[in-house]
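Under the working numbering, the first residue of the sequence shown carries the number -3, and numbering increases by one thereafter. Built from N, CA and C at the ideal position, the CB exists for glycine as well.
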Amino acid sequence: MTGTVSGGVRTVLRLEGVCVLLSSLIAYSEFGAGWGVFALFFLAPDLSLLAYLAGPRAGALMYNTAHSYAGTTLMLASGIFFSAPLAITAGLIWISHIGFDRALGYGLKYSIGFRFTHLGVIGRDPDNSQIKTK
């Protein structure tokens, strides 16, 4: 599949995910609202997968919105700027989820289907894809 990273670059991007995850966990231990809250909301961004019921284009849009560092960065920055602990807690949980996903190789989705990500094709048979992306 074209349009995806591979080799050393893919490894670096996955290691970045590990670093984001570990950094956010350390920050959460200092600024978060307890590990019960963390566990309760850690998988919340994956609710965006429900948009795939409306088709791959809507699914990819919602998934990418919920799994982009842009939203988490704005959430954390607003929490710090406005002294809003709830926003800081939400931002740290959210960014740790994204780091976890990236570390596992789950990237942002293409609209051709859930399996097609910027980190490569995911699933049991990633080499059996003939679909090309731009």
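Notebook entry, point to check: In this structure, does DSSP put Phe78 in helix, strand or coil?
Noted result: Counting from 1 along the sequence shown, the entry for residue 78 is found at position 82. Collapsing the DSSP output to three states places Phe78 in coil.
* Asked: Which residues mark the beginning and the end of the alpha helix (DSSP H) in which Gly13 is found?
  -> Here residue 13 refers to the residue found at position 17 when the sequence shown is read from its first residue. It spans Gly3 to Phe27 - the alpha helix (DSSP H) in which Gly13 sits, taken as one unbroken run.
Span of the alpha helix (DSSP H), counted from its first residue to its last, around Thr61: In the sequence shown, residue 61 corresponds to position 65, counting from 1. From DSSP, the alpha helix (DSSP H) with Thr61 extends over Pro52 to Ala62.
Next item on the list: For the alpha helix (DSSP H) holding Phe110, just list the boundary residues, first then last.
Entry: Along the sequence shown, one-based indexing puts residue 110 at 114. Element bounds for Phe110: n/a, residue is neither H nor E.
- request: Determine the extent of the alpha helix (DSSP H) in which Leu46 is found, giving its start and end residues.
  value: Stepping through the sequence shown from its first residue, residue 46 is reached at position 50. Looking at the DSSP string, Leu46 is not in any alpha helix (DSSP H), and its letter there is neither H nor E.
Task: Leu9 and Val1 closer than 8 Å at C-beta - done: By one-based count along the sequence shown, residue 9 stands at place 13. By one-based count along the sequence shown, residue 1 stands at place 5. Contact: yes.
Practice item. Report back the beta-carbon spacing between Ala47 and Ala40 to the nearest angstrom; my notes put them in contact at under 8 Å. Key: Position 51 of the sequence shown, counting from 1, holds the residue named residue 47. Position 44 of the sequence shown, counting from 1, holds the residue named residue 40. That belief does not hold up - the Cβ atoms of Ala47 and Ala40 are roughly 14 Å apart, past 8 Å.
Let me check one thing: in DSSP terms, what residues is Gly116 bridge-paired to? Start at 1 with the first residue of the sequence shown, and residue 116 comes out as number 120. In DSSP, Gly116 forms a bridge with Thr113.
| Backbone CA spacing between Pro81 and Leu100 [nearest angstrom] | The sequence position of residue 81 within the sequence shown is 85, counting from 1. The sequence position of residue 100 within the sequence shown is 104, counting from 1. Rounded to whole angstroms, Pro81 to Leu100 spans 29 Å at the Cα level.
Take Ser64 and list the residues in its own chain whose beta-carbon comes closer than 8 Å to its own, dropping the five residues that flank it on each side. Along the sequence shown, one-based indexing puts residue 64 at 68. So the list reads Ile94 and Leu104, once near-sequence residues are dropped.
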